[in-house]
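Here this note's numbering is used: the first residue of the sequence shown is 711, the next is one more, and so on. Just so you know, even glycine gets a beta-carbon here, dropped at the ideal spot from N, CA and C. Values in this document were obtained by computation on a predicted structure and should not be read as measured data. Presented below is the structure to which this report refers.
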Amino acid sequence: MKNVLEVLREFFLLGLTSFGGPTAHIAFFRNRFVGVKKWLTESEFADQLALCQFLPGPASSQLGLTIGWRQAGWAGALAAWTGFTLPSAVALAAFGIGVSSFGGGLDGAGWLRGLQIAVVVVIANAVASMWTSLCPGKLRKLIALVAAGIVVVTTPAWMQILVIALGAVAGLLFLREENKRNDSTGLNEGSNSVRSSQLFGVVCLILFFGLLFGLPILTKLFPGQPLEAFAGLYRSGSLVFGGGHVVLPLLSEEVVGHGWVTKEEFLAGYGAAQAVPGPLFTFSAFIGSLIDGPGGAWGMAFICLIGIFLPAWLLVLGVMPFWQGAVRRPGMGAALAGANAAVVGLLGAALYDPVWTGSIHSAVDVVFLLGVAAALLILRWPSWLVVILAGVAGWVVYSPVAGS
């Protein structure tokens, strides 16, 4: 019980302070659970990240799920998801309930610009640390650079999966002698790691595909807005590769196309989702709060929230048992080393675009960034405090010129 409460506390704090989207969340997780808490080694963290990057769904939430499970089993996984998801879900549902009086979007808000610039520093620090630890040799550095280059010049969201797979193949072919990993590295079955049978994994995968193909049939047999909304959110959550932002076109087609939410309401909710910490998938709580159904706005917010996250749960729980067995096979250490190097490249590419290109536009931004970097890297203030103070400083610095 003590471990569960600790997991809940840690992820709740991250849920309150992790601004900046999936890439930033991964950086926050690494800083906290590898650098501070020592719950995972760098390699274990990268192994789990590689798994979550392979799967559709919100990679940062799936990564948090695996970390919580390692610490405290089922209850730890639930605690991690609840702590990380609850703050933004409640905030966005409340915003949805009051959307008619909240009015316009948040573009140009000074405090939001401060948060965006702080996130650049947090991600850059994480990428630099992972580059040092996961790309020690020339070949791994080359894999990371090639991966970053491919992702920067190509647009398909599925390209990141191909890049990780190619990194694994390169590692398998060229890193066998260089990489002498212990077979117990990764998602193993020791002490507090994942305890899940392959039979249970098969059941989860059957449920995943059963719901994916069965829910459309159920909506025809039992028409009704709550079931249709759940099915639409589940379908969107099942088909998303490339991070939380990719889900937005799918959600727009589902909810605006069905007339559940107007385009203006959808865009207002999207603006609010950019301004709150935690996973972008909690945007579903905003959508649910505007749909009529059992339990009123809060009840539908919960239904939609579960609908979009359930595929991620089932996929992680279904694939993880096979993953933990695969990492023990001969050559898997080398393959994972290559995949991990590719993941570093992916994060580096994301640091450039959209993080840097979307946040740094002027000399004032650069000076602000240097101040945040000094607080984090020289004064060594905790990242969550730096993010909060950056929001306050952004409100002071940028509000007079907001919208310019």
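{"Item": "When burial is assigned at 16 or more other CB atoms within 10 Å of the CB, is M1010 buried or exposed?", "Value": "buried"}
{"Item": "If you measure between the beta carbons of L824 and G1101, is that distance less than 9 Å?", "Value": "Position check: residue 824 holds Gly in this sequence, whereas Leu was assumed. Result yes, Cβ atoms of G824 and G1101 sit closer than 9 Å."}
{"Item": "Does the separation of the CB atoms of F805 and G979 fall below 9 Å?", "Value": "yes"}
{"Item": "Between A854, E887, G859, which lies nearest to G877 when the distance is taken from Cα to Cα?", "Value": "A854"}
{"Item": "Rounded to whole angstroms, what is the Cα-Cα separation between L883 and W841?", "Value": "21 Å"}
{"Item": "Are L1086 and I827 touching if we call contact CB-CB under 9 Å?", "Value": "no"}
{"Item": "With a 10 Å radius around its C-beta and 16 neighbouring C-beta atoms as the bar for buried, classify F729 as buried or exposed.", "Value": "buried"}
{"Item": "Are the beta-carbon atoms of A1049 and A875 separated by less than 9 Å?", "Value": "yes"}
{"Item": "Quick check: T992 and T733, are their CB atoms within less than 9 Å of each other?", "Value": "no"}
{"Item": "By the DSSP assignment, the alpha helix (DSSP H) with S1109 in it spans what residues?", "Value": "Looking at the DSSP string, S1109 is not in any alpha helix (DSSP H), and its letter there is neither H nor E."}
{"Item": "Would the region 833-851 and the region 1045-1061 be scored as touching if the rule is three or more Cβ pairs under 8 Å?", "Value": "yes"}
{"Item": "Find the nearest neighbour of V966 within the set G947, Q772, L723, I1001, judged by alpha-carbon distance.", "Value": "I1001"}
{"Item": "By Cβ distance, which residues of its chain are closer than 7 Å to P926, with the 5 residues on each side in sequence left out?", "Value": "A941"}
{"Item": "Helix, strand or coil, according to DSSP, for I871 in the structure here?", "Value": "helix"}
{"Item": "Suppose you measure from the CA of A737 to the CA of L931; what does that come to, to the nearest Å?", "Value": "45 Å"}
{"Item": "For the putative contact between Q781 and V1026, defined by C-beta atoms under 8 Å, what is the C-beta separation to the nearest angstrom?", "Value": "Contact doesn't hold; Cβ gap of about 15 Å is too wide."}
{"Item": "Given A803, which residues of its chain have a CB within under 6 Å of its CB, disregarding the five upstream and five downstream residues?", "Value": "A995, S999, A1011"}
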